[in-house]
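*Asks:*
Residue numbers (our numbering): 797 to 864.
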């Protein structure tokens, strides 16, 4: 999973010895949760209703990178 890999690299850099965030399973769970929130946002705020509601995977990538 792409976002789990992003998060793994980010969390290893920021929190190298953290006991929770050094777990691949926990990082995978976090990535799945972030994707779930992203998908919920996309479904609740559709571009069909308001043209300025444009959510792309880039937003999810920015969310990951903001952890740096």
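Backbone N, C-alpha and C fix where the C-beta goes; we use that ideal spot for every residue, glycine too. Because the structure is a prediction, the values reported are computed rather than measured.
DSSP state of residue 815, grouped into three classes?
*Replies:* Translated into positions along the chain shown, residue 815 becomes position 19. Three-state DSSP puts residue 815 in coil, outside helix and strand.
*Asks:* For residue 852, which option in 815, 810, 809 and 835 has the closest C-alpha, if you only look at C-alpha atoms?
*Replies:* Along the chain shown, one-based indexing puts residue 852 at 56. Residue 852 has its Cα closest to that of 835, out of 815, 810, 809 and 835.
*Asks:* Indicate the three-state DSSP secondary structure (helix, strand or coil) for residue 802 in the structure shown.
*Replies:* The count along the chain shown starts at 1 and reaches residue 802 at position 6. Residue state, collapsed to three classes: helix.
*Asks:* Quick one: any contact between the region 822–838 and the region 848–862, if contact means 3 or more CB pairs under 8 Å?
*Replies:* Short answer: they touch.
*Asks:* Could you give the distance in angstroms between the alpha-carbon of residue 818 and the alpha-carbon of residue 806?
*Replies:* Working through the chain shown from its first residue, we reach residue 818 at position 22. Working through the chain shown from its first residue, we reach residue 806 at position 10. Rounded to the nearest angstrom, the two C-alpha atoms are 11 Å apart.
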